[in-house]
Every structure is written in structure tokens, then in C-alpha cells.
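Accompanying notes for the structure given below.
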Amino acid sequence: SACGSSKSRMLWLVLAVVALGYAAPQLNFLVAKPALRGAGIPLHGTSSSRESTRGTHLNVAFGGMALATLGVVATRRQQRLGTAMRAVTEVAQVKLSKIIGGKATPAPPVGPAIGAFGLNIAFFVKEYNALTADKVGEACPCIVHVMSDKSFKIELKTPLTATLLHKAVGASKGSGKAGTDIIGTITVEKLEEIAKIKLADLNCDDISRAMKIVHGTAVASGIKVEGYEEWLATSVPKPKSIMDRYGPGVSRLPAPWGEGPPLEGADEAEAPEPEPAEA
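The following block contains the structure:
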């Protein structure tokens, strides 16, 4: 800070004055003229003595200025090194959901959201369009990680689930009346395809539960999934209680859907009934 730098400069000046106080008696040899042979040593009070004293004072002044300058330079250099070694940290995140790949512009919502943190809007637009050059015209949400030095990192996300569902049925938006107005129908295979696209952003690691999550969005948008009830009978069953939840991974899912042990009673349910013996 400014206060700390001023204190450092004052400290260097004090040290320079103290050092010169000790070194002043030894600086006479720098300006003292050698006595001529037979002329003897100049007496105190003569013009030669006064010139020698004046020269000593000048040397002391120049020495003090040099030491003070070196102190200020050293202080500034230390400050620059401290600034350079300071870690760059993330200070904010900006989520842009309504943005089209390859067609970003400084207009809202991009400009106000990015400019509020002092970022270079033109540079962001150029970098985002380059990252989404293979997805021109598609919805490509992203998260902008704002750093402390005004730089940023772009993290691309998958399209919104509702957007993928609306595109699958050829609609621009949802019905607005879930369970009453049906805007379209998709198959279980299409539901699985959308679930695979969204799997990276969902809180699960298996397709089965991802399909259930996507199906919930489909119902809210007024989209019917053909064959969903039949598929649901073969999917991962719900846990008995909240304490028996499987977690987001697949290690605790019961077999054959995951790596955990099979559910109790599953073998008995799958085992065929014995045929009656003939008389």
C-alpha cells in the first residue's frame, strides 16, 4: 500500500543518514589534496583546509542521495515482486444460459453480464464464438469464471434439457399446462439419447436415473414419452427410505444396474415357478 511504501522509504533514509554519520570521518581522503614536498601539512583555518571541508560535505551529500535512491529502488522492486507473486483467484461466476453458439454479440444478455465485472466484452465474444464454431445456431450455455486480474475462463455446458426436448418434438416452447396440453410425443430411445447428452451436467453417473430426470422435464413441458411405463418397470427401483439412497455414483447401485449387491427378494422374484409333478 501507499502507507507501507512511504514508511519503507523513510526507513531507508534514516538508515542512510546513520550510515553516513559513521562513515563521514573516513571520507576525508577522497578530497584531501596531497601536501607538496617541503610545504608541510595545511593548518586548520586556512583556505586549503576550508576547501577540504567543503569537498567532504559535498561527498557526504552525494553519498546520502545515492544511498536514499538505492533504498527507494529496492523498495519498489520488492513491491513489484510481491505483486507478481500474488496468486490469481476466482472472484465470481457468470452463468449465460440464453446464448447461441457461434453467434454471440456484445448485445444483452452477454454485454451487461460480462461488463459488470470489468471484462473485455469483445475478447469474450471472439473466444466464445471460436469455441462454439462447430455448434453454430445451437444453444450452448456456459459459465464464465471471473479471475482477480480481470481475466476469465469459459466453461461450456450442455444445452438446456427443455431446449433439447422442444427441438425433438419441433416446438418452440412448452405447453404451459403440464399434464393437460400435450405438445408432442417422443420415444424411450429419444429420451435415452437426450439423457446421454445431459449426463455430464446431472447429479448421477448412470443413464437410468438420468432418463428419469429428463422425463420429469418432459412432463413439465407437456411432452409424452411412449413406452416409459414399461421401461420404468425394468429400471432402478426407488430406495426403501431416505437413509437407503444410492448416491450419485454407480458403486452403491444394486446389481444388475450397478456394482452393489442385488436387492433382497430379487432372486426369488426372477426364479421360475416349479411345474406341478405328474401323477
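Taking mature numbering (1 follows the signal peptide of the UniProt record, and there is no 0), I'd label the letters of the sequence shown as residues -23 to -1, 1 to 256.
Glycine included, each C-beta is placed from N, C-alpha and C at the ideal position.
What is the rounded straight-line gap between the Cα of residue i and the Cα of residue j?
i, j, result
"Gly204", "Val165", "6 Å"
"residue 275", "His122", "Beyond the ends of the chain as shown, which are -23 and 256, falls residue 275; an answer cannot be given."
"Pro214", "Ile171", "21 Å"
"Ala195", "Ser185", "15 Å"
"Ser212", "Gly193", "15 Å"
"Val68", "Lys112", "29 Å"
"Val71", "Pro239", "43 Å"
"Glu241", "Lys217", "11 Å"
"Pro225", "Asp182", "6 Å"
"Ile219", "Leu209", "20 Å"
"Gly161", "Lys175", "20 Å"
"Leu142", "Glu169", "12 Å"
"Asp178", "Phe101", "23 Å"
"Pro233", "Thr138", "27 Å"
"Arg54", "Ala64", "18 Å"
"Met188", "Glu206", "12 Å"
"Gly92", "Lys134", "21 Å"
"Ala99", "Ile120", "17 Å"
"Ala90", "Phe129", "13 Å"
"Lys144", "Ile159", "15 Å"
"Ala84", "Glu104", "16 Å"
"Tyr223", "Leu230", "6 Å"
"Thr46", "Thr52", "10 Å"
"Gly235", "Thr157", "36 Å"
"Asn180", "Val227", "12 Å"
"Val49", "Pro86", "48 Å"
"Lys167", "Lys173", "10 Å"
"Gly153", "Gly114", "25 Å"
For residue i, does the three-state DSSP call read helix, strand or coil?
i, result
"Val49", "helix"
"Val65", "coil"
"Ala145", "helix"
"Thr140", "helix"
"Ile171", "helix"
"Ala155", "coil"
"Glu166", "helix"
"Lys150", "coil"
Measuring CB to CB, does residue i end up less than 7 Å from residue j?
i, j, result
"Val202", "Ile163", "yes"
"Ile200", "Val146", "yes"
"Thr109", "Gly88", "no"
"Asn97", "Ala81", "no"
Roughly how far, in whole angstroms, is the beta-carbon of residue i from the beta-carbon of residue j, given that I think they are within contact range, below 8 Å?
i, j, result
"Ser125", "Thr66", "5 Å"
"residue 268", "Lys127", "The chain is shown from -23 up to 256; residue 268 falls before or after that span and cannot be answered."
"Leu73", "Pro136", "13 Å between Cβ atoms; not a contact."
"Ala197", "Gly151", "7 Å"
"Ala116", "Thr140", "5 Å"
Are any of the Cβ atoms in chain B nearer than 7 Å to that of residue i?
i, result
"Pro231", "Going by chain labels, chain B is absent from the structure shown, which holds only one protein chain."
3-residue-minimum beta strand (DSSP E) runs that sit fully inside the region 174 to 255, ordered along the chain = If we require 3 residues or more, the beta strand (DSSP E) runs fully inside the region 174 to 255 come out as 200 to 203.
Counting only runs of 3+ residues fully inside the region 53 to 136, write out the beta strand (DSSP E) ranges in chain order.
-> Here the runs fully enclosed are 67 to 73, 119 to 124, 129 to 133.
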